[in-house]
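J.: Chains as they are written, first to last, in our numbering: chain A, 46 to 517; chain B, 46 to 517; chain C, 46 to 517; chain D, 46 to 517.
Protein chains: 4
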Amino acid sequence: MTKKKRAGIWQRRFSKPVNNDMLRFTASTEEDVCLIEYDIAASIAHVKMLRKQKIIPGRQARSLIRGLRQIRTEYLKGKFRLLPEHEDVHMNIEMRLQELIGSTGQYLHTARSRNDLVAADLRLYARAAIAKLIKKIIMIQKKLLESARKYKTVVMPGYTHLQNAQPVLWSFYVLSYVYRFQRDIECLQYALKRVNISPLGSCAFAGTTHAIDPDYTTRLLGFDRFADNGLDAVTDRDFLGEVSYICTQIMLHCSGFAEDMILYVTREFSLIELDESIATGSSIMPQKKNPDVFELIRVRAGNAIGNLTGLLSMFKGLPSAYNRDLQETKKVFFRQVENTFQCLDMSDMVIPYLRPQKNIWAEQENIICATGLADYLVQKGYAFRQAYDMIAQCVKESKGKVDKFIKKCVNMMKIKEEMIRSLIKPKNAVKAVKSKSGTGPKQTNQAMRRAERLVRKNQQFVRQIRTSSAAV
Amino acid sequence: MTKKKRAGIWQRRFSKPVNNDMLRFTASTEEDVCLIEYDIAASIAHVKMLRKQKIIPGRQARSLIRGLRQIRTEYLKGKFRLLPEHEDVHMNIEMRLQELIGSTGQYLHTARSRNDLVAADLRLYARAAIAKLIKKIIMIQKKLLESARKYKTVVMPGYTHLQNAQPVLWSFYVLSYVYRFQRDIECLQYALKRVNISPLGSCAFAGTTHAIDPDYTTRLLGFDRFADNGLDAVTDRDFLGEVSYICTQIMLHCSGFAEDMILYVTREFSLIELDESIATGSSIMPQKKNPDVFELIRVRAGNAIGNLTGLLSMFKGLPSAYNRDLQETKKVFFRQVENTFQCLDMSDMVIPYLRPQKNIWAEQENIICATGLADYLVQKGYAFRQAYDMIAQCVKESKGKVDKFIKKCVNMMKIKEEMIRSLIKPKNAVKAVKSKSGTGPKQTNQAMRRAERLVRKNQQFVRQIRTSSAAV
Amino acid sequence: MTKKKRAGIWQRRFSKPVNNDMLRFTASTEEDVCLIEYDIAASIAHVKMLRKQKIIPGRQARSLIRGLRQIRTEYLKGKFRLLPEHEDVHMNIEMRLQELIGSTGQYLHTARSRNDLVAADLRLYARAAIAKLIKKIIMIQKKLLESARKYKTVVMPGYTHLQNAQPVLWSFYVLSYVYRFQRDIECLQYALKRVNISPLGSCAFAGTTHAIDPDYTTRLLGFDRFADNGLDAVTDRDFLGEVSYICTQIMLHCSGFAEDMILYVTREFSLIELDESIATGSSIMPQKKNPDVFELIRVRAGNAIGNLTGLLSMFKGLPSAYNRDLQETKKVFFRQVENTFQCLDMSDMVIPYLRPQKNIWAEQENIICATGLADYLVQKGYAFRQAYDMIAQCVKESKGKVDKFIKKCVNMMKIKEEMIRSLIKPKNAVKAVKSKSGTGPKQTNQAMRRAERLVRKNQQFVRQIRTSSAAV
Amino acid sequence: MTKKKRAGIWQRRFSKPVNNDMLRFTASTEEDVCLIEYDIAASIAHVKMLRKQKIIPGRQARSLIRGLRQIRTEYLKGKFRLLPEHEDVHMNIEMRLQELIGSTGQYLHTARSRNDLVAADLRLYARAAIAKLIKKIIMIQKKLLESARKYKTVVMPGYTHLQNAQPVLWSFYVLSYVYRFQRDIECLQYALKRVNISPLGSCAFAGTTHAIDPDYTTRLLGFDRFADNGLDAVTDRDFLGEVSYICTQIMLHCSGFAEDMILYVTREFSLIELDESIATGSSIMPQKKNPDVFELIRVRAGNAIGNLTGLLSMFKGLPSAYNRDLQETKKVFFRQVENTFQCLDMSDMVIPYLRPQKNIWAEQENIICATGLADYLVQKGYAFRQAYDMIAQCVKESKGKVDKFIKKCVNMMKIKEEMIRSLIKPKNAVKAVKSKSGTGPKQTNQAMRRAERLVRKNQQFVRQIRTSSAAV
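#1: Is Val-134(C) closer than 7 Å to Ile-81(C) when the C-beta atoms are compared?
#2: Using the beta-carbon of each residue, which ones in chain D are nearer than 9 Å to Gln-372(A)?
#3: Hey, could you find the ends of the alpha helix (DSSP H) Asn-473(B) is sitting in?
#4: Please report the residue range of the beta strand (DSSP E) in which Tyr-218(A) lies.
#5: Does Ala-210(D) come out as helix, strand or coil in the three-state DSSP assignment?
#6: Taking 7 Å as the CB-CB cut-off, is Arg-314(B) touching chain D?
#7: Among Ile-329(A), Glu-130(A), Lys-93(A) and Phe-302(A), which has the Cα closest to the Cα of Arg-69(A)?
#8: Can you name the start and end residues of the alpha helix (DSSP H) that Tyr-204(B) belongs to?
#9: Give me the residue from Phe-226(D), Ala-87(D), Ser-514(D) and Leu-422(D) with the minimum Cα distance to Gly-246(D).
#10: Specify the secondary structure class of Ile-460(D) as computed by DSSP and reduced to three states.
#11: Beta carbon of Thr-354(D), beta carbon of Thr-354(B): below 7 Å?
#12: Residues of chain C with a CB under 7 Å from the CB of Ser-358(A): which are they?
#13: So is Asn-352(B) buried or exposed if we call it buried at 16+ other beta carbons inside 10 Å?
#14: Hey, could you find the ends of the alpha helix (DSSP H) Glu-497(D) is sitting in?
#15: If the cut is a Cβ gap below 9 Å, which residues of chain D does Val-63(A) touch?
#16: Spell out whether any CB of chain A is found under 7 Å from the CB atom of Asn-352(B).
#17: Using the Cα positions of Met-46(A) and Glu-321(D), report the straight-line distance between them to the nearest angstrom.
#18: According to DSSP, is Phe-450(A) helix, strand or coil?
#19: Exposed or buried, which one is Asp-269(C) when buried takes at least 16 other CB atoms within 10 Å?
#20: Does Arg-58(B) have its Cβ less than 7 Å from a Cβ in chain A?
#21: Is DSSP giving Thr-397(C) helix, strand or coil here?
#22: Look at Cys-299(B) and Gln-381(B) and say whether their C-beta atoms are less than 7 Å apart.
#23: Starting from the Cα of Ala-236(A), find the closest Cα among Glu-287(A), Val-213(A) and Ile-257(A) and give me that residue.
#24: Applying a beta-carbon distance threshold of less than 7 Å, which residues of chain A neighbour Val-440(C)?
#25: Return no unless some Cβ of chain D is closer than 7 Å to the Cβ of Thr-155(C).
#26: So, helix, strand or coil for Arg-270(A), using DSSP?
#27: With 9 Å as the C-beta to C-beta threshold (strictly closer), list the residues of the segment 259-282 of chain A near chain C in chain order.
#28: Leaving out the 5 sequence neighbours to the left and right, which residues in its chain are closer than 7 Å to Glu-139(C) when beta-carbon positions are compared?
#29: My output table needs one value for Asn-65(D): the three-state DSSP class, helix, strand or coil.
#30: In its own chain, which residues sit with a C-beta less than 8 Å from the C-beta of Lys-476(B), not counting the 5 before and 5 after it?
#31: Does the beta carbon of Phe-70(D) come closer than 7 Å to any beta carbon on chain A?
#32: Distance check for Arg-141(B) and Ser-327(C), CA to CA, integer angstroms please.
See below:
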């Protein structure tokens, strides 16, 4: 319970010195490092507005802006450190400003509060994070498309319930992930609409008696619009939840892909060869070649679910306006975003190493093609359920032996053996698929071109997101 | 381990009878009740497409449609029950169809799979749920706006950290929730874009050799577009996660409101009178009047977080294409949606009972107005931090006694006592607020009109969502 | 907003009729069905104590007990229904009692509150649930041990990172789950210590001026001890959390087992034959035989995580003593317990169907035995890392071809080919294991006997848990 | 995709250099810092056993032990750094050992694996964490008991549903938290039984052909017993889940306490004076004195729920034996434990600052005492529900005005006014409580002495937990 004289602005308010441990516990300076550049940008914009509105004199304003820019320079040079005794990024900057420009620094906090300021900082951070996430996902999409092109003709088994279901093209399989990730990008685009709103000018929550022009700050910072209600503006952390949710979705997609790869590189599946450059060994079993990197991608989704849940639990039952509980939400949010960056980087890194094994499997008769055979019977006039039943009977009676199965089919369906043999070769079964979203080579080629167009659109979109805060 | 001959379509495939307990465990007939009407609609659309494409003959198609409509009629009359021995809604309908129209029923499942069908059903359900959620939220927004209008002039303390912070208008406070709920509606609108996509025509996942026209089914069912990749289309349950997330956000908003109300109706806060019509008593303490309904609204957010977490954990690490794990996600999703409906209904019900207490508080000098006083000093030429420091000093020295505080201020700031007294009356402090998103009466009035326009737009939007599946 | 005269005890307290919708929303009668028998038992015990302490007259007490027993009889006959207008199980029983025995029923609620009563009910429920969970786990342990005995000599590959690691006995593998479940039982045993405490006699939380004897009620209900502090006693729901956590642990164990089985029954692994009695088919792919039941066991853990998270979120930040939020915790807790019962029943049902495939694999040289070879080299005098390196080199150079590997080894290690061939046959490698917790046949046999003793102890323990509440 | 020659032990196994990014992603060296001392201790114990069993020669063993002790010294001096290119703590120590003692270091990894080693390390860490948690909780219990003694006679309102319910002693209130925390200690004690088991000697999972003596290692490291089944021993992370769950329970208890304090220090409740030493101010509202530290304690429970959920999601559906997913569980577990330490430290720090306000409230008639009045009527011969009804009627008719209430009571009950006035003074109402777990002064005094005894027992227990690993 050591105590210490209060630093900076609190000394006038309180008679007693502050408990030093409390200061250490409650300071957010560790996580606030992520916000420094945004806090400076928001402050500069705010000062420009105060000057324009003549709320503070021009000379003071110029001095403030100069001071803030100097702090930015110090930060970029790694010379600006946040001190816990000044609680957070906002007071640290205000204090440093007073060191740099003297008592003029006392003008900075006019007509604003830490409540609207931290909300603005977080929104600028989230906007930049969205742009970065989209860029990383685009990288993955491009690598997936490359793989799809490279191994265009490879046919592999498709699974449901992890059982052999129908043959598919590797490119068709890979495209399914391009589309999953496309949904993530779409979600991020819409989230941006809720992120990119300015709370600056709401002050503590009730507004101010000063004749501020929040629309001006909004424009300077590249926000889409100014928040309508100050109480909502400073309380609202929904955007942290929404972006954290999308991060979880992204990592769930990565985890599904990783699970597939872990299975496909097993000796038993042997669909993908695990490249040694991304494999690890055992400390005791000399023969091992392990897909650790995929396991680590898979598990990240667990971390993501935890962060999201933690964040939402923090929000539950909070009364209106700012509560200090919100400080902890920053920490979890930054962790979630960083976690996602890493998970995307790992996923991006491994894709070029994936080599689907070209094997003779696709050329040999296989019961996995039973559905195509049923469809053929339908085209010959059977009702589908009838066709299904006949084949099911042959499967049962042949106990899964393919030659016996063919013989049974020939007997039951009065179709020539060559025809059946041809129909149930995976390569042919894939070629026979005609439907638009199916695995047929032509359809898959078209889908690849559509996917490439989507990626180009994504690139155009992301270029328009303002991420630099230096411009202010 | 009782066993039973396999019902319906499986008998040809398997040599052994099915274990009866397994059937009971694995059937989804209990939750699938929610999908009956959508499954019928999707089936009718599918049959119409098969007929148009000449994949099944016209006579059979007409018979199938007639049968499906009859099942719909039975369902609406409460006469169609799902039997666990037929596993799920899809097989139940196919089996009933065969009872009704004989072997023609065997044509139904041509060029489709339960995989694309259940995805379509769920999307139709989710679309209707979104419409219903938006409607319920609009109801709440309207009641909140009524309350804002009714108690337009009531001034109350605003809180941060649950400490008296600044005075606000009741209408300003209430509006903050209108905007929170507006975000929920916006999120639901965007989610609809990801929900309203047709997977029907993806079959098991690989597509089909039949010349289907999935765009036609898409149009018939009112979907926006057809899914691009069949493997993704049958695996994708992101929309369940997204809608469940938004439901959680909605309930978090409700929980914040409930927490406020629980506090405001305490004897200690006494800001709201708890109407006896929505109060409950104690079994042992005769004097009690308890706000149980608000506690039950508050706690629902906990349930929501749990459902969301459960759902996301289920998705984690699932391999590609359909896995039976997805069955459990339906159950949790329906529970989440129903939970939200109830929570919104409760919230809607209580709003008209909320009567902010008109008290003399707003007319009396109060240190809660200290920020307005600081702003006044700034307008007189002080730097904000200087003004802040002076007032902080007066607060400290007067130990929070308002008369002593006024005296200290008069001495220190050389302002007339009347002026200070006037500035720190909550009513006046509220009136002095000029900023756009602030609590000033004029600004709040304008905000109310903007909010009313938003509500009207919401109503227009929701009217356009197709929810009936009878039309098919 | 229909309204209704207040039923029963509240009519004297409130001037206004109650809002009917609120009644419907807030009633817990649906979930309270689980508590009826425990509420009656607790009430009878309470009345007996009141009589002993002469707090109520003997005649009244006899009448109350008679009435309560009659309600129990009605309940067991399915004739006692909980009405939402009486809020919960407690008031329903009090109201029914007044119907049955007239105004004497008004004596029932002396020196108690719904707060201590519901806590007592929940603890009696949780105690019975623990007993039931242990019994179900014992069933599974016994079936696992049966399987271990039945397929005692089967050797299969053991995996790490899902890659072939070392050969193991099926019985050794199966035993690992016996031990996992043993931990669950141990956790449940300790949880019982925290569950089996009587809160009855704490009243609302502050105690009572009546000269009650809570130790007597404690004994009558078979609780271990009386709670020390009334405020804690009525607030405490930790035991719901703890039991829910253990349920989650149980289902995580089941999910691991299910995951193994899903892998082992794939065509690719083919370690276990999926019995047709517990397999399901596809609606479109006639050849499919799917392990749905295992997927449904696997996914339950997701549900469990969700329920637990939901419960804990509900607890977060609740102020002291009873809050109505606690009502919702009952619902989630009952759901969690029922969920676990089902998951255990499913797991129990499938075990006898698991037939490990006896194949020739165990008799053939296999690089999976590389570790045993390294240990052999160590016994010949090499440092372990040296031995490891030599073998690693041979693996690399032979690219995993076993014959080439053997040749390389012979060259490098100067050991006879027969010796190497013998060492790397899985069957021999398993036999060579000597360590206590290892897969050696002798060790595994001993472990099986130890495990059987544990199961017998479990059975003894569970017999001593009092689950019947009829005795009161 | 920069590549790099593989460091250390992997170079012989793989033909290709490792991808450097993969190394960076997959290394656990950052979190493994927590395990260094335990890894060294486990290694020394292992080498001692190998020597005793003559598996490695005595000279080599002595050299290994000397080397390991030197690494410990380096570590304690801050000179031992974990390098990512050596993946984890285990390989870093083995590599450093080889630097220090040359090729003798190659003997270290005989008859063990990283799989059993990391499990042992984690268990030693968890054991020490349990001891530290218990110690911190004891500190809190002692401070709570001090507060209870110091403000022994202070009477305050007790709440249910946040409404005035019954008067209680501050000491009675405070004791309720002593008991909550006692449950946490009890849970930790039982968890220790599942933590303190040795997996060392299970090797990769299948055991070893060496004649090891795992019971010896078990004794050297102070474990209670050796794990029964190697496959379970290396897979089992239940103890991480269990300890993480208890951490969550601890933080939920802290969050409840914090919530109470946040309410009690509001201007409206004014039950506790917020000491300035632990208060913070606003940046804009000069009058504010905020209880931030309590808000930050409250919110930690959200973080805890998230960590727990994340951890459990990671476990879900993992196949048997070691998977690299488990690496991520370490990170979350350490975070959870550290989080709890901090939360306990904060809670500990604030308790001495809590000063319940001694006010005249307890001396004045108050309807909060209605239950005591009802009990009095019961003692006069009324049935409880009758007594309740009469008082409820008086409350209703007096609209909560206490003088009117007294008058109504006098009229209705024919009791003297003085008697009623005396009965409904909070101070008297508290004194009248006689029941064992109630708030009566005598009972509370006895409870305090019982609680003190518990704390002494806790202290005895914690002293016996072995936490130092230097002894090995």
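By construction, the Cβ of each residue, glycine as well, lies at the ideal position given by its N, Cα and C atoms.
T.: In short:
#1: One-based indexing of the third sequence puts residue 81(C) at position 36. One-based indexing of the third sequence puts residue 134(C) at position 89. In contact: Ile-81(C) and Val-134(C) (Cβ atoms closer than 7 Å).
#2: Position 327 of the first sequence, counting from 1, holds the residue named residue 372(A). Against chain D, the beta carbon of Gln-372(A) has neighbours under 9 Å at Asp-337, Glu-340, Leu-341 and Val-344, listed in chain order.
#3: Translated into positions along the second sequence, residue 473(B) becomes position 428. Counted as a single uninterrupted DSSP element, the alpha helix (DSSP H) harbouring Asn-473(B) occupies residues 471-477.
#4: For the purposes of this step, residue 218(A) is identified with residue 173 of the first sequence, where counting begins at 1. Counting along the chain, Tyr-218(A) falls outside any beta strand (DSSP E), though it belongs to the alpha helix (DSSP H) covering 215-240.
#5: As a working mapping, residue 210(D) is identified with position 165 in the fourth sequence. If DSSP states are grouped into helix, strand and coil, Ala-210(D) belongs with the strands.
#6: As a first step, residue 314(B) is located in the second sequence; it is residue number 269 there, counting from the start. Note that residue 314(B) corresponds to Phe in the displayed sequence, not to Arg. At least one chain D Cβ lies under 7 Å of Phe-314(B).
#7: Along the first sequence, read from residue 1 onward, the residue named residue 69(A) stands at position 24. Checked all of Ile-329(A), Glu-130(A), Lys-93(A) and Phe-302(A); the closest Cα to Arg-69(A) is Glu-130(A).
#8: Indexing the second sequence from 1 puts residue 204(B) at position 159. Taken as a continuous stretch (DSSP letters only), Tyr-204(B) belongs to no alpha helix (DSSP H), being part of the beta strand (DSSP E) at 200-205.
#9: Locating residue 246(D) in the fourth sequence gives position 201, where the first residue counts as 1. Measuring from the Cα of Gly-246(D), the nearest candidate turns out to be Ala-87(D).
#10: By one-based count along the fourth sequence, residue 460(D) stands at place 415. Collapsing the DSSP output to three states places Ile-460(D) in coil.
#11: On the fourth sequence, position 309 is the one that residue 354(D) refers to. On the second sequence, position 309 is the one that residue 354(B) refers to. The answer is yes: Cβ separation under 7 Å.
#12: Position 313 of the first sequence, counted from the first residue, corresponds to residue 358(A). Those within 7 Å of Ser-358(A) in chain C are Ser-358 and Lys-361.
#13: Reading the second sequence from its first residue, position 307 is the one you call residue 352(B). It counts as buried.
#14: Position 452 of the fourth sequence, counted from the start, is the residue given in the question as residue 497(D). Counting along the chain, the alpha helix (DSSP H) containing Glu-497(D) begins and ends at 486-508.
#15: As a working mapping, residue 63(A) is identified with position 18 in the first sequence. In chain order, Glu-321, Ser-322, Ile-323, Ala-324 and Thr-325 make up the part of chain D whose C-beta sits under 9 Å from the C-beta of Val-63(A).
#16: Reading the second sequence from its first residue, position 307 is the one you call residue 352(B). No, its Cβ sits nowhere closer than 7 Å to a Cβ of chain A.
#17: As a working note, residue 46(A) is residue 1 in the first sequence. As a working note, residue 321(D) is residue 276 in the fourth sequence. Only weak support exists for where Met-46(A) lies, its pLDDT of 48 falling under 50; the value from the coordinates is given anyway. Using only the alpha carbons, I get a separation of about 13 Å.
#18: Walking along the first sequence from the start, residue 450(A) turns up at place 405. If DSSP states are grouped into helix, strand and coil, Phe-450(A) belongs with the helices.
#19: Here residue 269(C) is taken as the residue at index 224 of the third sequence, counted from 1. Burial check for Asp-269(C): the Cβ neighbour count within 10 Å stays below 16, so the residue is exposed.
#20: Locating residue 58(B) in the second sequence gives position 13, counting from the first residue. Residue-level contact by beta carbon holds for Arg-58(B) and chain A, with a gap shorter than 7 Å.
#21: Reading the third sequence from its first residue, position 352 is the one you call residue 397(C). Per the sequence shown, residue 397(C) should be read as Pro rather than Thr. Reduced to three states, the DSSP call for Pro-397(C) is helix.
#22: Within the second sequence, the letter at position 254 stands for residue 299(B). Within the second sequence, the letter at position 336 stands for residue 381(B). Their beta carbons are not under 7 Å apart, which means Cys-299(B) does not touch Gln-381(B) by this criterion.
#23: Taking the first sequence and counting its residues from 1, the one referred to as residue 236(A) is at position 191. Minimum Cα distance to Ala-236(A) is reached at Glu-287(A).
#24: Locating residue 440(C) in the third sequence gives position 395, where the first residue counts as 1. Those within 7 Å of Val-440(C) in chain A are Pro-331 and Gln-332.
#25: Locating residue 155(C) in the third sequence gives position 110, where the first residue counts as 1. Answer yes: the Cβ-Cβ gap between Thr-155(C) and chain D drops below 7 Å somewhere.
#26: Within the first sequence, residue 270(A) is the residue found at index 225, counting from 1. In the structure shown, Arg-270(A) sits in a strand (DSSP, three-state: E or B).
#27: Correct list: empty, as no residue qualifies.
#28: Start at 1 with the first residue of the third sequence, and residue 139(C) comes out as number 94. Around Glu-139(C): Gly-150, Leu-153 and His-154.
#29: Counted from its first residue, the fourth sequence places residue 65(D) at position 20. Asn-65(D) falls in the helix class under three-state DSSP.
#30: For the purposes of this step, residue 476(B) is taken as residue 431 along the second sequence, with counting starting at 1. Taken in chain order, the residues that qualify are Gly-485 and Pro-486.
#31: Within the fourth sequence, residue 70(D) is the residue found at index 25, counting from 1. Phe-70(D) counts as touching chain A.
#32: Your numbering for residue 327(C) matches position 282 in the third sequence. Your numbering for residue 141(B) matches position 96 in the second sequence. Using only the alpha carbons, I get a separation of about 18 Å.
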